[in-house]
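Encoded as structure tokens, the structure appears first; notes follow it.
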Amino acid sequence: MNLLEINNVVKQYSGQLALNDVSLIVPRGSVYGLLGPNGAGKTTLIRIINCITAPDSGEILLNGKKLTPADVRNIGYLPEERGLYKKMKVGEQAMYLARLKGMTKHDATKALKYWFEKFEIQDWWNKKVEELSKGMAQKVQFITTILHNPDLLIFDEPFSGFDPVNADILKKEILALRDKGATIIFSTHNMESVEELCENISLVNKARIVLQGKVADIRASQSTRSLVIRSSTPFTPYNCNIISQTDKNGMFETTLVKGSNLSNNELLAELMKQTDIVSFEELLPTMNDIFIRTVTTQPPKGGV
Amino acid sequence: MSKIGIIISREYTTRVMKKSFLLLTFLTPLLFVAMIMIPLWLSNIHDDTLKNIIVIDKTGLYHDALKSNDTYTFVFSDKPLDNFRKKEKTGNELTAVLYITADLSTKPNAVSLYSEKQVNVELKSYISGLLGDFVQKQKLAGYNIPNLKEVVEKSKTNVDISTIKWNADGQEKEGSAELALIIGMISAFLIYIFIMSYGSQVMSGVLQEKTSRIVEVIISSVKPFELMMGKIIGIALVGLTQFFMWIALTLIITAGLSVFMGGGIDTEAIQSAQQINMPGMQSGMSQSDTQSMITEIYKSLNGFDFFKTLVLFIIYFLGGYLLYASLFAAIGSAVDNETDTQQFSMPLTIPILFAIYAAIYSAQNPDGPLAFWCSLIPFTSPIVMMVRLPFDVPAWQIVLSIVILVLSFIGTTWIAGKIYRTGILMYGKKVSWKELWRWVRYK
């Protein structure tokens, strides 16, 4: 069952196309990566999902039903550009934001207490926001986003401003939320975290989706058919193009590009006859490589 | 509680709890009361001690002229003047010695006032008033013309124009033009100050939410229009709170002071003011002039419809505030920083300033064309109409002006909502008027 379906959404701002026929499907209980360079249209898409702006055409289905502004209370949104009232106390502010999400005072107090204890920040409750560091404020904001247990969470660059330790805590929390049944849309430029967290991605560039699918499939499909093989003796496989072969303290490391129609198993079967294999690794392109390659080689945008 | 209610309560409580708000709310009435009370109180101080004046009258003519009152007691004595020079104890403390040596009708300078301290102007003019009146009467009697006293009394005219208004039924209503003007001007200025200060609070509040980016978070929970209206209404309530606090505190402080000073300051002070004026002294008594003005005000307060003025004040305050505040909110949402607000708020501050000038001229001619049109045009009507109001504006004009004002603020709120919705999430773009107009026309 898909939680969110976006079908053929088009959005135009004063003659400029922000989203051009964008469609994507977010399966329930998954982490979905929304990638793309700055100004590609990600934020516009997220705003449309949050009913902040309406699309010019196209439809958005949440749980198979047309999205209405009332559904927004089931969405938690952590925007990339975020702030808090500087003069307000942390607790009051978190309470205010929770109540705007439709929580009762009682529920909000209980949930806030749980999360403040979990993040060990109870003593921040009566501090003013201006006394917090950027990372501390981000933590408070993360809590206010997930507080009302929304079905759908949208995080725009959630790790910016966090040190590696806190970023790791956050990652674990995001995965824990997913395991509890939440669906997460995750927009970032940090490709490592995409590989770590996301099952599916859409890469948006110049208002269009240029790449979409499961992370594993995308990486496999973008394969350059390169392999690194370590063996006790050198070898010369059939139908392969050897890039380099070096002797490293008695261990031979070979980088090669497979010939077409040659599967990994066929290659292995052949190599086993020639030498002892120590390791065999396919060089899959990183999401970073794929991102850069896709974005830089995309042809200029056509008309509407 | 609805979301807009939550927003209103946040806007309201954070502002009302601010130190600056509390300070302004509690200090202003104190200042206001002090401005009225200190002159009254100072004049009251004189009355507290009874002053004895020894009169040595060698002519024996003026026993009837010098009558004691609450402040001064005249004690007649036959002892020579030198006795008093050596501080003879007379039981009561002695203030001054009045020494009359000859008939004042022939020798008007045959009177002296001796004292150890500087004789105050009030006592001097009081005695000279008494003696002057007495001598004048004597002289008039000396002409032997029948009824001359009455003729002169009649010829002495104290021109005091009382203004009497006819209401719709032809009934008479006493009122004071000065008082009407004062109340009209005060309420016009109050509305001006409220619109300016609370309007710019709305603007800076919106701008703050935009620059701190909190709006990005909030806007995913509430509609932009709700956020804008929540802020506008919350701040309006702050304004009303301040207004009512001022009224209540002024009344409480006045009442408290009256009790504290014993016997009610207003009646006593006015009585003494009237007493001092009684002997018919025209000699430069600016203090009693202001006191008689206050008396006048107290008298004419009865002829003034406070309830109607208060209700219309609130209507015009809210109408004018909503009209301008929504536009201020739109500006706050459209710009990126404080300096840019000036360029865009100019077209808003100019009509408000113009309204104040129009109000001042309208006070002089409350039924003139300037007053008429400016009390209908919604951008000036809240201020100008307050000045015209005490001069009994026809009901249809008030109704028409309110209807126009209400329709206008609905219109400006609608336009502002459109600009706000787009502007609040637009960063790093220098907006122009043309751009703003385009935002208004977005679907």
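Protein chains in written order, with our numbering: chain R, -6 to 297; chain U, 3 to 445. Where a beta carbon is used, it is the ideal one built from N, C-alpha and C, also for glycine.
To the nearest angstrom, report how far apart residue i and residue j are at their CA atoms.
i: Leu68 of chain U; j: Val57 of chain U; result: 9 Å
i: Tyr457 of chain U; j: Leu54 of chain R; result: This structure cannot speak to residue 457 of chain U, because chain U is shown only from 3 to 445.
i: Val408 of chain U; j: Gly321 of chain U; result: 6 Å
i: Leu459 of chain U; j: Ala418 of chain U; result: This structure gives no information on residue 459 of chain U, because the portion of chain U shown stretches from 3 to 445.
i: Thr213 of chain U; j: Ala91 of chain R; result: 22 Å
i: Tyr6 of chain R; j: Gly34 of chain R; result: 11 Å
i: Leu77 of chain R; j: Ile285 of chain R; result: 34 Å
i: Ala98 of chain U; j: Ile129 of chain U; result: 12 Å
i: Lys121 of chain R; j: Arg12 of chain U; result: 15 Å
i: Val433 of chain U; j: Gly425 of chain U; result: 9 Å
i: Ser351 of chain U; j: Ile254 of chain U; result: Note on residue identity: the sequence assigns Thr, not Ser, to residue 351 of chain U. Their Cα atoms are separated by approximately 35 Å.
i: Asp100 of chain R; j: Ile379 of chain U; result: 50 Å
i: Asn43 of chain R; j: Arg201 of chain R; result: 19 Å
i: Met247 of chain U; j: Lys20 of chain U; result: 15 Å
i: Ala361 of chain U; j: Asp135 of chain U; result: 46 Å
i: Gln289 of chain U; j: Leu25 of chain U; result: Below a pLDDT of 50, predicted positions are generally treated as unreliable, and Gln289 of chain U, at 48, falls in that range; the measurement from the model is reported next regardless. So the alpha carbons of these two residues sit roughly 32 Å apart.
i: Val208 of chain R; j: Met184 of chain R; result: 11 Å
In chain order, what residues of the same chain have a beta carbon less than 6 Å from the beta carbon of residue i, not counting five sequence neighbours either side?
i: Lys4 of chain R; result: Ala11, Leu12, Thr37, Pro48, Asp49
i: Ser285 of chain U; result: Its pLDDT being 39, under 50, Ser285 of chain U is placed unreliably in this model, and the coordinates cannot settle the point.
i: Ile139 of chain R; result: Gly69
i: Gly207 of chain U; result: Lys233
i: Glu(-2) of chain R; result: Ile18, Leu54
i: Gln115 of chain R; result: Phe109
i: Ser153 of chain R; result: none
i: Phe330 of chain U; result: Gly201, Val204, Met205
i: Gly26 of chain R; result: Phe179, Val187, Cys191, Ile194
i: Ser114 of chain U; result: Tyr101
Flag this pair as yes or no: are the beta carbons of residue i and residue j separated by less than 8 Å?
i: Gly51 of chain R; j: Asn119 of chain R; result: no
i: Tyr422 of chain U; j: Ala332 of chain U; result: yes
i: Thr181 of chain R; j: Leu(-4) of chain R; result: no
i: Thr414 of chain U; j: Ser328 of chain U; result: yes
i: Leu93 of chain R; j: Ser223 of chain U; result: yes
i: Val271 of chain R; j: Pro30 of chain R; result: no
i: Pro62 of chain R; j: Asp149 of chain R; result: no
Can you find the residues in the same chain that come closer than 7 Å, C-beta to C-beta, to residue i, ignoring five residues on each side of it along the sequence?
i: Gly8 of chain R; result: none
i: Thr248 of chain R; result: Ser219, Val221, Ile236, Ser237
i: Phe78 of chain U; result: Val57, Asp59, His65
i: Ile317 of chain U; result: Ile404
i: Lys103 of chain R; result: none
i: Glu211 of chain U; result: Val217
i: Ala112 of chain U; result: Ile102, Thr103, Ala104, Leu106
Exposed or buried, what is residue i when buried is set at 16 or more other beta-carbons lying within 10 Å of its beta-carbon?
i: Gly69 of chain R; result: buried
i: Val123 of chain U; result: exposed
i: Trp108 of chain R; result: buried
i: Thr97 of chain R; result: exposed
i: Tyr469 of chain U; result: Nothing can be reported for residue 469 of chain U: it is not among the residues displayed for chain U, which extend from 3 to 445.
i: Trp435 of chain U; result: exposed
i: Ser256 of chain R; result: exposed
i: Pro371 of chain U; result: exposed
i: Phe308 of chain U; result: exposed
i: Phe319 of chain U; result: buried
i: Pro157 of chain R; result: exposed
i: Thr229 of chain R; result: exposed
i: Lys111 of chain R; result: exposed
i: Arg87 of chain U; result: exposed
i: Phe346 of chain U; result: buried
i: Thr15 of chain U; result: exposed
i: Ile40 of chain U; result: exposed
i: Val153 of chain U; result: exposed
Taking 7 Å as the cut-off, is the beta-carbon of residue i closer than that to any non-hydrogen atom of the ligand COA?
i: Lys58 of chain R; result: Because no ligand of any kind appears in the structure shown, any question about the ligand COA cannot be addressed here.
Excluding the five sequence neighbours on either side, which residues of its own chain have a C-beta within less than 8 Å of the C-beta of residue i, listed in chain order?
i: Ser377 of chain U; result: Ser364, Ser383, Val386, Met387, Arg390, Val395, Gln399, Ser403
i: Phe315 of chain U; result: Ser189, Leu192, Ile193, Met388
i: Lys141 of chain U; result: Ser107
i: Val35 of chain U; result: Thr252, Ile255, Thr256, Leu259
**Request:** Check distances from the C-beta atoms of the region 394 to 417 of chain U to those of chain R and list, in chain order, the residues that come in under 8 Å.
**Result:** Residues passing the 8 Å Cβ filter: none.
**Message:** Under 9 Å, CB to CB, which of the residues in the region 195 to 220 of chain U have a partner in chain R?
**Reply:** Listed by position along the chain: Gln210, Glu211, Thr213, Ser214, Arg215, Ile216, Val217, Glu218, Val219, Ile220.
**Request:** Give, in chain order, every residue of the region 223 to 251 of chain U whose Cβ lies closer than 7 Å to some Cβ of chain R.
**Result:** Listed in sequence order: Ser223, Val224.
**Contact list for the region 69 to 83 of chain R against chain U, Cβ threshold 9 Å** = Cβ contacts with chain U: Gly69, Tyr70, Leu71, Pro72, Glu73, Glu74, Arg75, Gly76, Leu77, Tyr78, Lys79, Lys80, Met81.
**Prompt:** According to a CB-to-CB cut-off of less than 8 Å, which residues of the region 8 to 32 of chain U neighbour chain R?
**Reply:** Hits within the stretch, in order: Ile8, Ile9, Arg12, Thr16.
**Prompt:** For the region 92 to 108 of chain R, which residues have a CB atom closer than 8 Å to at least one CB atom of chain U, in sequence order?
**Reply:** Listed in chain order, the positions of the region 92 to 108 of chain R with a beta carbon within less than 8 Å of a beta carbon of chain U are Arg92, Leu93, Lys94, Gly95.
**Request:** Scan the region 159 to 171 of chain R for residues whose Cβ lies nearer than 7 Å to a Cβ of chain U and list them as they occur along the chain.
**Result:** Against chain U - using a Cβ distance shorter than 7 Å - the region 159 to 171 of chain R contributes no residues.
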